[in-house]
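Protein chains in written order, with this note's numbering: chain A, 1 to 115; chain B, 1001 to 1116. Ideal Cβ positions, reconstructed from N, Cα and C, are used throughout, including at glycine.
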């Protein structure tokens, strides 16, 4: 089955420190991978995506993600965390099944940046 | 504002009542998705339209749920005979992606349903 997994329910990091939010995927064929962020009582906002090409992709708000095919991972990273980065982060994968396009989300990781 | 808009943002209803949510996607987007999100969970796929055609429905979408996109623009999601288990955030998203493309989804703010 096509899926994504976010192994950590919560990640705590001190302000100014680097952060990593983990995501692994299971997709046959070439995956299209995405990260979204959700602030309380709001919809999801797109951060970045990997389609093809350079394994390191850069996105909004200073975030980047590294695609690792051998480890089937797509971890979200930021060199220096801000308190305002505290939110819920979702990894997602887009794939074709039965001729239709589908997008499946992980269960989310709550990022808490401590001042 | 040219983003995805959803209405109402909040709906409180009694068990057994019918509710309807509306989604207005970004105008040039041909794909529209409905997701349901419960507390502490990621969005779960409900259904998906390309233009006015409803291409797929999740098994999560029981017979009490129906969605339409009559003119390929706005969409409605109706829940009949609501149950307490229907309490959730209902998210609408749209995208512009011809076959084989990889566009991201643009989400609305969601419609929160509380069934008493």
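Which partner residues of residue i appear in the DSSP bridge assignment?
{"i": "residue 44 of chain A", "result": "A:38"}
{"i": "residue 1065 of chain B", "result": "B:1079"}
{"i": "residue 23 of chain A", "result": "None, per the DSSP bridge assignment."}
{"i": "residue 1104 of chain B", "result": "DSSP lists no partner for residue 1104 of chain B."}
{"i": "residue 66 of chain A", "result": "A:56 and A:75"}
Once you ignore the five residues that flank residue i on each side, which residues in its own chain have a CB closer than 8 Å to its CB?
{"i": "residue 1100 of chain B", "result": "Caution applies to residue 1100 of chain B, whose pLDDT of 46 falls short of 50 and renders its modelled position unreliable; the value that the coordinates give is listed next. Here the set comprises nothing."}
{"i": "residue 1060 of chain B", "result": "1036, 1044, 1045 and 1046"}
{"i": "residue 171 of chain A", "result": "Any property of residue 171 of chain A remains undetermined from this structure, which presents chain A solely from 1 to 115."}
{"i": "residue 1013 of chain B", "result": "1019, 1082, 1113, 1114, 1115 and 1116"}
Assuming residue i and residue j make a contact with CB atoms under 8 Å, what is their CB distance in whole Å?
{"i": "residue 104 of chain A", "j": "residue 2 of chain A", "result": "6 Å"}
{"i": "residue 76 of chain A", "j": "residue 63 of chain A", "result": "6 Å"}
{"i": "residue 4 of chain A", "j": "residue 25 of chain A", "result": "5 Å"}
{"i": "residue 109 of chain A", "j": "residue 45 of chain A", "result": "Not quite, the Cβ-Cβ distance comes to about 15 Å (not below 8 Å), so this is no contact."}
Where does the unbroken beta strand (DSSP E) through residue i begin, and where does it stop?
{"i": "residue 1047 of chain B", "result": "1044-1050"}
{"i": "residue 1080 of chain B", "result": "Taken as a continuous stretch (DSSP letters only), residue 1080 of chain B belongs to no beta strand (DSSP E), as it is neither H nor E."}
{"i": "residue 1029 of chain B", "result": "From DSSP, residue 1029 of chain B is part of no beta strand (DSSP E); its letter is neither H nor E."}
{"i": "residue 1073 of chain B", "result": "It is not in any beta strand (DSSP E) - residue 1073 of chain B carries neither H nor E in the DSSP assignment."}
{"i": "residue 1022 of chain B", "result": "1019-1024"}
{"i": "residue 9 of chain A", "result": "No beta strand (DSSP E) holds residue 9 of chain A; DSSP gives it neither H nor E."}
{"i": "residue 1011 of chain B", "result": "1010-1013"}
{"i": "residue 84 of chain A", "result": "Element bounds for residue 84 of chain A: n/a, residue is neither H nor E."}
Answer yes or no: does any C-beta atom of chain A fall closer than 8 Å to that of residue i?
{"i": "residue 1008 of chain B", "result": "no"}
{"i": "residue 1055 of chain B", "result": "yes"}
{"i": "residue 1043 of chain B", "result": "yes"}
{"i": "residue 1104 of chain B", "result": "yes"}
{"i": "residue 1046 of chain B", "result": "no"}
{"i": "residue 1091 of chain B", "result": "yes"}
{"i": "residue 1072 of chain B", "result": "no"}
Grab me the residues of residue i's own chain with a C-beta within less than 7 Å of its C-beta, minus the 5 sequence neighbours each way, in chain order.
{"i": "residue 1050 of chain B", "result": "1030 and 1031"}
{"i": "residue 12 of chain A", "result": "112 and 114"}
{"i": "residue 994 of chain B", "result": "Here chain B has residues from 1001 to 1116 only, and residue 994 of chain B is not among them."}
{"i": "residue 86 of chain A", "result": "111, 112 and 113"}
{"i": "residue 1083 of chain B", "result": "1015 and 1115"}
Going by beta carbon distance, what residues of the same chain come within less than 6 Å of residue i, once the five residues before and after it are set aside?
{"i": "residue 1038 of chain B", "result": "1088"}
{"i": "residue 1073 of chain B", "result": "none"}
{"i": "residue 1011 of chain B", "result": "1019 and 1113"}
{"i": "residue 1081 of chain B", "result": "1016 and 1064"}
{"i": "residue 72 of chain A", "result": "24 and 25"}
{"i": "residue 92 of chain A", "result": "34, 103 and 105"}
Between residue i and chain B, is any beta-carbon pair separated by less than 8 Å?
{"i": "residue 61 of chain A", "result": "no"}
{"i": "residue 100 of chain A", "result": "yes"}
{"i": "residue 58 of chain A", "result": "no"}
{"i": "residue 29 of chain A", "result": "no"}
{"i": "residue 107 of chain A", "result": "yes"}
List the residues of chain C whose Cβ lies closer than 9 Å to the Cβ of residue i, in chain order.
{"i": "residue 1107 of chain B", "result": "Of the chains in the structure shown, none is chain C; the protein chains are A and B."}
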